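**Student:** For the sequence shown, this note's numbering begins at 17 and goes up steadily by one. Beta carbons are placed, not taken as given, at the ideal position from N, Cα and C, and that holds for glycine. Predicted, not measured: the structure shown is a model, and the values here were computed from it.
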Amino acid sequence: MTKNFPMPSIPLSLFLSISLSLPLSFSQSQKPNSVDHAGILQSLNDATFESGKTIYQNLCTNCHGSDGITPPLPTARAFGEGELKFGSDPYSMFLTLTDGKGLMGPQTWMTPEDRYSVIHYIRETFMRPMRDNFKEIDNGYLENLPTVNIFVSEDEKMERDFGPALASQLGRETSSVLSIKIDSETTLSYDLHSMDQAGIWKGGFLNLENTQHYRERGGGVPLPEGKPLEGLSVWKWGHDETLDYPREHLLPRGPMPSQWMHYNGHYLHNNKVVLSYAIDEREILELPDATGSFPALQHTLRIGPGKKLILAVGSVSNSRSNFSGKLKADAIELRIEAEGELAVLGSSSADENTLGNFVSAAAWGDTDGLTWSWDEEDHLVLEIPGSQEERLIQVVRYAGTDEANLLSFANFLRSKKLGRKAPLDPRTFITGGDSLWSEILESSGELGDPFRAYTMDTIGLPENDSGNPYNAWFRTSALAFFPDGRMVVTTHGGDVWIVDGVNSNLKNLRWKRHAAGLYEPFGVLVIDGLVYVTCKDRLTRLHDFNGDGEADFYESFSADNDVSTWFHAFNFDLQRDPDGNLYYAKAGMYTDYREPGSIIKISPDGKKREIYCTGLRTPNGMGMMPDGRPTVSDNQGTWMPASKISLAEPGGYYGYVQDHASTNWAPGGGAIDHTKVTPPSTFDQPIIWMPQEFDNS
């Protein structure tokens, strides 16, 4: 039985950005403590039991098992029997999770409430029914727990500087997006698998507080920070001259066929972002932007030669049954030249006599042959005719709620036309702009003992968070070197830094931010002077056109064709063989990747991808033999009795099998039915099994 007591709330921001005001001194027995242990324990109930169950079954069973008696990892403790070396009461177990004890590393990615929820599940599921010496939590126990002796004052959430755009997933629905800051309030997110709009909202950028950008483990997902802009929620391309193209053959978590869409990458110019892609083999440069003086959105498109294109620019529900049409501006007593045709799609107001919710758009520039229409799905549709020439157009779109809003939009368009300003050509912004991150950060290092057979030099990191001007978190994830000795370092949060001063004394290390906003870069190489980065959704090649030390073009060198929305589905490392082929490793555990983990091999030009080998659980490192054979590590856990290093061969299988279907992990992806699919009876053996005391999970 569980008891319900009121629990003092602990603000989430405590784990994001806190300032601590400590008393002048503590006795030796009274350590600084900001956790209300007694309050959390008193609040344990059925909901916290279920929360702890979810965490335990998804993570802890890999080592400790699911029956309380037979842990899969021999060195792990069974909770239903035997000694718990560091204590079996809730607070002792909390300290084990918090500080790490023995072979158990600290689990501070969990909040204190999460840690006690897991402990609650363990005690109620295994310890209470299986242990004769099980002890209840009573008032005497609670009174002896450490009390809160630190005043915690909340600061405003620390905003990290990701640059003008951030690559990530969006919720659990879209696995590869680029979210662009249109202005201080408006964000537009593109699905990089289709170049359709994944979302548009007003009120901020992205809510990242439960992701790796702010939390150690970061199992949450990026979410819109604001309210969606109704009416403008649609911006999507048709294919083969229709929006109703067949979708049965599309990859569930990968890009469209290249003949329909190919994403080239994006350019940064100051705070502007230019997207480069092809629709139906017609090359496009797109500059999304705010209009400045009016709350409309504008997209400037330089479109290459090719066949007819179809573009939906907005949608209003139930509009066809009420009000729909194509109006010239003079139909509402305003005059705009014929080139400034205004298209409106809307529904009637409550009294059905006037215009209600609507979406409206206009286009100018090279508009010959452009036509507006609407379809059965209530989309406002722009048809762009085929052409043997490039054309430059600008689409301005706006959503409102009544005729007064529409009149305001028409007035804005008229003033824009009277100003006779041609659309800004996106090509103006693809050769590099001013420096976004001009400040150089500094650190120092420490040389190892030169008289030892093996020695290790230590590279000091710049200050984290508010200690640097970008509030960057230096959770380093990969490194490489330029031929001149400069070091390239990537971080989990999406940065690429170039470090000078890696020399014989390490006294003056100078860190220059080269790129930001990448999607979990966990591998890096320097090839012919260019930085290549392994991201969760693609290999990205970075180009610095104007020589200011910052990347101006984030080229999509090779797009991954199966991008999971689960936070643990990393792409690891980046290696190159003597023939110039590139390799990285994809995790098979805690992912909806259709394969049981693999190494991906990519041709030197980035155009060909193939699965090199499979059976990898969490392959968090690679190497390359002199003869061009890759090596790969794997992490102890399910199907892996210990961590190991394997020599990877083409077509090799290295032991990991996808888990049974689960409601919490891998829905519809990597899970297989073990009643129908028999796991292999053996696997290719590693070159070394790592001793648990040197390399545990």
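When you compare only the Cα positions, how much space is there between residue 410 and residue 502?
**Tutor:** 43 Å
**Student:** Check whether the stretch 293–313 and the stretch 268–283 are in contact - that is, three or more C-beta pairs closer than 8 Å.
**Tutor:** yes
**Student:** Enumerate in chain order the residues of its own chain whose CB-to-CB distance from residue 150 is below 8 Å, with the five nearest sequence positions on each side excluded.
**Tutor:** 139, 143, 144.
**Student:** Are residue 589 and residue 539 close, meaning C-beta to C-beta below 9 Å?
**Tutor:** Yes, the Cβ-Cβ distance between residue 589 and residue 539 is below 9 Å.
**Student:** Report the partner residues of residue 255 according to the DSSP bridge assignment.
**Tutor:** 258
**Student:** Could you name each continuous alpha helix (DSSP H) segment of 4 residues or more that falls completely within the stretch 76–120, going from the start of the chain to the end?
**Tutor:** 77–80, 106–115
**Student:** According to the Cβ coordinates, are residue 573 and residue 561 closer than 9 Å?
**Tutor:** Contact flag unset, no.
**Student:** I'd like to know whether the C-beta atoms of residue 329 and residue 375 end up nearer to each other than 9 Å.
**Tutor:** Yes, the pair counts as a contact, with Cβ atoms nearer than the cut-off.
**Student:** Would you call the stretch 399–409 in contact with the stretch 309–323, where contact means no fewer than 3 C-beta pairs closer than 8 Å?
**Tutor:** yes
**Student:** Count the CB pairs spanning the stretch 175–194 and the stretch 252–266 that are closer than 8 Å, and state whether there are at least three.
**Tutor:** no
**Student:** Would you kindly work out how many angstroms separate the C-alpha atoms of residue 637 and residue 587, rounded to a whole number?
**Tutor:** 10 Å
**Student:** Could you tell me whether the stretch 514–530 touches the stretch 452–466, where touching means 3 or more Cβ pairs closer than 8 Å?
**Tutor:** yes
**Student:** Flag this pair as touching only if the stretch 498–512 and the stretch 456–470 have three or more C-beta atom pairs under 8 Å; answer yes or no.
**Tutor:** At 8 Å Cβ cutoff, the stretches do not touch.
**Student:** Tell me the DSSP secondary structure of residue 483 in three-state form.
**Tutor:** helix
**Student:** Just verifying my parser: in three-state terms, what is the DSSP assignment at residue 424?
**Tutor:** Residue state, collapsed to three classes: helix.
**Student:** Using the C-alpha atoms, what's the distance from residue 195 back to residue 476?
**Tutor:** The straight-line gap from Cα to Cα measures roughly 32 Å.
**Student:** Helix, strand or coil, according to DSSP, for residue 667 in the structure here?
**Tutor:** coil
**Student:** Mind reading off the beta-carbon distance from residue 96 to residue 131? Whole number of angstroms is fine, and I expect it under 8 Å.
**Tutor:** The pair is not a contact, with the Cβ atoms about 20 Å apart (cut-off 8 Å).
**Student:** Rounded to a whole number of angstroms, what is the C-alpha to C-alpha distance between residue 71 and residue 669?
**Tutor:** 29 Å
**Student:** Thinking C-beta only, is residue 286 closer than 9 Å to residue 449?
**Tutor:** yes
**Student:** Spatial neighbours of residue 188 within its chain, please: CB distance less than 8 Å, with the 5 preceding and 5 following residues excluded, ordered by chain position.
**Tutor:** 237, 581
**Student:** Can you give the Cα-Cα distance for residue 521 and residue 504, rounded to whole angstroms?
**Tutor:** One C-alpha to the other measures close to 18 Å.
**Student:** Would you check if there are 3 or more beta carbon pairs closer than 8 Å linking the stretch 656–669 to the stretch 627–645?
**Tutor:** yes
**Student:** Are the Cβ atoms of residue 478 and residue 459 separated by less than 9 Å?
**Tutor:** yes
**Student:** Which whole-angstrom value describes the C-beta separation of residue 205 and residue 272, a residue pair presumed to lie in contact below a C-beta threshold of 8 Å?
**Tutor:** So it is not a contact: roughly 17 Å between Cβ atoms.
**Student:** May I have the straight-line CA-CA distance separating residue 306 from residue 655, to the nearest angstrom?
**Tutor:** 52 Å
**Student:** Whose CA, out of 648, 161, 389, lies closest to the CA of residue 600?
**Tutor:** 648
**Student:** May I have a chain-ordered list of the beta strand (DSSP E) segments no shorter than 3 residues that lie completely inside the stretch 584–665?
**Tutor:** 587–592, 598–602, 614–618, 625–630, 638–640, 646–650, 660–663
**Student:** Return yes when the Cβ of residue 608 is within less than 9 Å of the Cβ of residue 633, no when it is not.
**Tutor:** no
**Student:** Using DSSP with H/G/I as helix, E/B as strand and the rest coil, what is residue 229?
**Tutor:** coil
**Student:** Given a threshold of 16 other Cβ atoms within 10 Å of its Cβ, counted over all protein chains shown, does residue 620 qualify as buried or as exposed?
**Tutor:** exposed
**Student:** Shortest alpha-carbon distance to residue 577 belongs to which of 593, 611, 591?
**Tutor:** 611
**Student:** For residue 305, list the residues DSSP reports as bridge partners.
**Tutor:** 314
**Student:** Tell me the DSSP secondary structure of residue 68 in three-state form.
**Tutor:** helix
**Student:** With DSSP run on the structure shown, which of helix, strand or coil describes residue 54?
**Tutor:** helix
**Student:** Residue 158 lies in the alpha helix (DSSP H); which residues open and close that run?
**Tutor:** 155–159
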